[in-house]
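Residue numbers (the working numbering), protein chains in the order written: chain R, 966 to 1314; chain F, 1435 to 1712. Beta carbons are placed, not taken as given, at the ideal position from N, Cα and C, and that holds for glycine. To start, the structure itself, in structure tokens.
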């Protein structure tokens, strides 16, 4: 019974009522069609503005947790070393977040709450409400969410919606989620039949979301431990354009640059951090001008190892969510699933 | 977007003032710095600080003094980039911002009771000077101490007056070599690796501590292994560019290690498999 209490039903005709009320409580962002099959999380006020049937957005919801540019501190050189450390923040509700992107947020949460804690990030995170949305089928052939275990919900949200045809089943995961259910009176209690329908859907999903790459994900860490010198990286060296698209659109890439900007008065200014890519050549430059990742292939290798090898040892999870964005955004046609397959074949995996 | 003051932010810098400066060579300048409010910097040899010049930027610099002298600390800076060049224009009385100290320094507690072979290449003497001064200030706690220095030319030798002082001490074995020199140079000429075979030491109880330009490590390590120093007793300080010092920005990552958090001092045995290390 306890489990049943955590579920509610939202009739589809009540979706707009929910969205408009949510938008009145605090700013609301949801996937919006941008044309040519592209989608983006953007501000919405009613359900008609958003699209719940979407392939992963151009940028992941990372942009709300770790903005492309944010101010870290203000300085005023007329007042010596006086600085004011600041955080940009805004309450926000994210609506319709897929399980892969929720997994991406979980990865960022781990990194930025690890000591030394990043208070700029944590402050923003606290103010964001996440309402997830289950994928009942693959978004497209570039997805590999089942491989990395991100095709089914595993926490990280306040409310989670599953489309059961004529209705959404809503899982309440946090007090913030429960408050929404209490405040916006568009939900009905779930019945045992709803949970049975959910179980049937998940069972169907297990058949649909099969492993997309012909290798056992449990063997990925071992595969990467043997892949440091793989010829696959030489192949990528010849193909990669070092544009950095793959890292910018990745829901778990969080590398950044820090720089100072003066205002026009040349006395006051701010220190900002901005997204940066390990695919750019100067990124790994060391003192004296030496670069240990001079080639594009070595930088691609670094990116893949940062997704599948290094975080697995540290956080016991992959930092790939299987969203497929890196593949869709690659100007050189480098496909993550092909790279993994080539590694597995090359290594006999 | 709302803006909140974050007093607990890790990006907060501490005000500091330059007490003294000294032009060491054409490109290197030494700064003695004290924190405001009579506070001391609590650091260990081998650690680094982030130095801020607001409007110009922030950079990591190794601490070159020993924590045994607590009222101030020193950094030795080579003018190579935007921030370091701006730093060189500062003089006594000027202010700057400090974050840190960061990183894991030399494992003093482990080094105590052992013999030391300290190998410095070029500017690598700066962080090693912190260790050397610590050892000299606590000389009884350490065994035989050998110091090998290598520089490009005699004009590039840093802390030359201090080195002269070490020469007179009975409790330190010290040698220096330069890559090239005018005929009037009476000292040794050759790579730093040429000094290692001649060091009289008991490898099993010697810790080798190496800091220098990246190209130096491979050759020095080969010589140290030839002297039978165990791999885990070879300590390397791997210096990288950094933007945060907090294991987040990714700049200093060497495979699965963040140099700013797990380093900059590493055991050779931990990093020997890493093509990105040296």
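Taking the Cα of residue 1054(R) as reference, the smallest distance to any Cα among 1640(F), 1436(F), 1689(F) and 1545(F) is reached at 1436(F).
Beta-carbon to beta-carbon, residue 1132(R) and residue 974(R) are separated by about 5 angstroms, close enough to satisfy the 8 angstroms threshold.
Separation of residue 1035(R) and residue 1561(F) (C-alpha to C-alpha, rounded to the nearest whole angstrom) is 33 angstroms. C-alpha of residue 1306(R) to C-alpha of residue 1068(R): approximately 23 angstroms in a straight line. Using a Cβ distance threshold of 9 angstroms, residue 1207(R) and residue 1261(R) count as a contacting pair. Taking a Cβ-Cβ cut-off of 8 angstroms, the neighbours of residue 1690(F) in chain R comprise 1270, 1274, 1275, 1278 and 1279, given in sequence order.
For the options 1603(F), 1703(F), 1602(F) and 1662(F), the alpha carbon positioned closest to that of residue 1631(F) is the one of 1662(F).
A direct Cα-Cα distance of roughly 14 angstroms separates residue 1283(R) from residue 1190(R). Following the DSSP letters along the chain, one finds residue 999(R) in no alpha helix (DSSP H) but inside the beta strand (DSSP E) bounded by residues 993-1000.
If one requires a minimum length of 3 residues, the beta strand (DSSP E) runs lying completely within the stretch 1207-1267 of chain R are 1221-1227 and 1233-1240, in chain order.
With respect to the C-alpha of residue 1606(F), the residue from 1618(F), 1683(F) and 1582(F) having the closest C-alpha is 1582(F).
Classified as exposed, residue 1474(F) has fewer than 16 neighbouring CB atoms from the shown chains inside 10 Å of its CB. A Cβ of chain R is located within less than 9 angstroms of the beta carbon of residue 1677(F). Nearest to residue 1251(R) by alpha-carbon distance, out of 1703(F), 1707(F) and 1685(F), is 1685(F). Contacts between residue 1436(F) and chain R, judged by CB atoms closer than 7 angstroms, involve 1054 and 1055 in chain order. Relative to the Cα of residue 1299(R), the nearest Cα in the group 1193(R), 1026(R), 1096(R) and 1197(R) belongs to 1197(R). The residues 1497, 1501 and 1535, in chain order, have a CB closer than 6 angstroms to that of residue 1477(F) in the same chain once the five nearest residues on each side in sequence are set aside. Per DSSP, residue 1660(F) lies in no beta strand (DSSP E) segment; the continuous alpha helix (DSSP H) that holds it begins and ends at 1648-1660.
When 8 angstroms is used as the limit between beta carbons, residue 1085(R) is near these residues of chain F: 1440, 1443 and 1445, in chain order. In this structure, the beta-carbon distance from residue 1094(R) to residue 1145(R) falls below 9 angstroms. Residues of chain F whose Cβ lies closer than 8 angstroms to the Cβ of residue 1081(R) are, in chain order, 1444, 1680 and 1681. For residue 1252(R), at least one C-beta of chain F is nearer than 9 angstroms to its own C-beta. CA-CA distance, residue 1031(R) to residue 1020(R), rounds to 22 angstroms. Residue contact check for residue 1482(F) against chain R: no CB pair falls below 9 angstroms. In this structure, residue 1678(F) sits near residue 1221(R), with a CB-CB distance shorter than 9 angstroms.
Residue 1490(F) is positioned such that its CB atom lies closer than 9 angstroms to that of residue 1517(F). For the options 1568(F), 1457(F), 1450(F) and 1462(F), the alpha carbon positioned closest to that of residue 1472(F) is the one of 1450(F). Note: residue 1533(F) is bridge-paired with 1484(F) in the DSSP secondary-structure output.
Taking a C-beta distance under 9 angstroms as the contact criterion, residue 1696(F) and residue 1267(R) do not qualify as a contact pair. The bridge partners DSSP lists for residue 1698(F) are 1538(F). Remark: three or more beta-carbon pairs, one from each stretch, lie closer than 8 angstroms, so the stretch 1228-1245 of chain R and the stretch 1209-1219 of chain R are flagged as touching. Only 1486, 1487, 1488, 1489, 1490, 1491 and 1492 from the stretch 1474-1499 of chain F bring a Cβ to less than 9 angstroms from some Cβ of chain R.
Separation of residue 1520(F) and residue 1465(F) (C-alpha to C-alpha, rounded to the nearest whole angstrom) is 13 angstroms. Across the stretch 1016-1044 of chain R, CB contacts with chain F closer than 7 angstroms involve 1037, 1038, 1040 and 1042, in sequence order along the chain. Taking a beta-carbon distance threshold of 9 angstroms, residue 1047(R) counts as an interface residue toward chain F.
Within the same chain, and ignoring the five residues on either side of residue 1526(F) in sequence, the residues whose Cβ sits closer than 7 angstroms to its Cβ are 1452, 1453, 1454 and 1455.
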